[in-house]
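> The following block contains the structure, expressed as structure tokens.
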DNA sequence: TGAACATATGATTATCTGTTCATATATTAT
DNA sequence: ATAATATATGAACAGATAATCATATGTTCA
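Protein chains in written order, with the numbering used here: chain L, 1 to 121; chain B, 1001 to 1121.
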């Protein structure tokens, strides 16, 4: 991830030098880490979390989501776009109505792990 | 989560009314969802993701983290505070040096699930 | 005690984000 | 074709956020 040589910044460095090189070796490429942060950023908004939670139970149309979440249709639409770009939700059109649903099970698992964490604290 | 009665916003609502009430029933309280978003917000920054990833392998002192991540000591310190507040990392002091490590296994699992998601796309 | 080192904190600033408002697109029914 | 409905999009603004700089705290050693 970082190519520059390591400086002996604090007296403990030499004790951990092998560990440091292991870290450097196993660190995913910067781009991957950036993408990962981008993904979690999507989960980092309560409106989007509510949308995802609502979709846990059922496929829902935009106006239903808006009501459940208690936010304007416009705001929901913007947020659904974010979720769509992150491939967290998919959609199908039926006449005038568009139905959204969870894209896959990662959403459930990620939110589940997060929930576990905050409930232990 | 939302107490107001549901409006018949689109023609599909009645088809899903039971699903909607199931959603409303199983939705965690607003405060929980807010906390959940706050947690994921912490994962939603590449500097913090890098810090957490570095701590996957080993307990590290601040200056080592700064070098590995390639960011100033000050910036790392600010971010470590965020991670600490979210109970994602813990620390111990040894003389002048402070060593940080992962607080528990949720960090690994959450990042692992995220990684799976981005690598499938 | 004072100098050197490791880390933390506060203020500032530039950038990013989410909502709102106005409007556009798409579909259906009359 | 026109109106009505469901959703999407663009611009703009307010609030949040992360890095930087200056400085403070805490620890060790001479």
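Here a beta-carbon is modelled for each residue, glycine too, at the ideal position from N, C-alpha and C.
Pull out every residue of the region 67-82 of chain L whose Cβ sits closer than 7 angstroms to any Cβ of chain B, in chain order.
If the cut-off is 7 angstroms between Cβ atoms, the region 67-82 of chain L has 67, 68, 70 near chain B.
> Which residues does DSSP pair with residue 101(L) in a beta bridge?
In the DSSP output, where bridge partners are listed per residue, residue 101(L) has 90(L).
> Hey, out of 1040(B), 1120(B), 1020(B), whose CA is closest to residue 113(L)'s CA?
Closest option to residue 113(L), Cα to Cα, is 1040(B).
> If we ignore side chains and look at the alpha-carbon of each, how far apart do residue 26(L) and residue 1068(B) end up?
About 12 angstroms.
> Does the region 1045-1060 of chain B come within contact of the region 26-37 of chain L, defined as at least 3 CB pairs closer than 8 angstroms?
Yes: at least three Cβ pairs fall under 8 angstroms.
> Using Cβ-Cβ distances below 9 angstroms, what residues of the region 1027-1043 of chain B are close to chain L?
Going along the region 1027-1043 of chain B in chain order, one finds 1027, 1028, 1030, 1032, 1033, 1034, 1035, 1036, 1037, 1038, 1039, 1040, 1041, 1042, 1043 with a Cβ nearer than 9 angstroms to chain L.
> Name the chain B residues whose beta carbon is nearer than 9 angstroms to that of residue 23(L)?
Within chain B, the residues near residue 23(L) are 1053, 1054, 1055, 1056, 1057, 1058, 1060, 1064, 1068.
> Could you name the residues of the same chain whose beta carbon sits closer than 6 angstroms to that of residue 1014(B), not counting the 5 residues immediately before and after it, in chain order?
Bear in mind that a pLDDT of 49 at residue 1014(B), under 50, signals an unreliable position, so the number given afterwards is only what the model happens to contain. Answer for residue 1014(B): no residue qualifies.
> Are there 16 or more other CB atoms within 10 angstroms of the CB of residue 119(L), so buried, or fewer, so exposed?
Result: exposed.
> Of the choices 42(L), 37(L), 36(L), whose alpha-carbon is the least far from that of residue 83(L)?
Taking only the C-alpha atoms, the option nearest residue 83(L) is 42(L).
> Is the Cβ of residue 1105(B) closer than 7 angstroms to any Cβ of chain L?
No, residue 1105(B) lies away from the interface with chain L (no Cβ there is under 7 angstroms from its Cβ).
> Which one of 75(L), 79(L), 103(L), 53(L) has the shortest CA to CA distance from residue 994(B)?
Any property of residue 994(B) remains undetermined from this structure, which presents chain B solely from 1001 to 1121.
> Nearest-angstrom Cα distance between residue 1037(B) and residue 22(L)?
Using only the alpha carbons, I get a separation of about 32 angstroms.
> Under 8 angstroms by Cβ, that's how I've got residue 1123(B) and residue 1047(B) pegged, so tell me the actual separation to the nearest angstrom.
A question about residue 1123(B) goes unanswered here, because the residues of chain B that appear run from 1001 up to 1121.
> For residue 1109(B), decide whether its Cβ has a neighbour in chain L, counting only Cβ atoms nearer than 7 angstroms.
Yes, residue 1109(B) lies at the interface with chain L (some Cβ there is under 7 angstroms from its Cβ).
> Can you say whether residue 44(L) is buried or exposed, counting buried as having 16 or more other CB atoms within 10 angstroms of its CB?
That one is buried.
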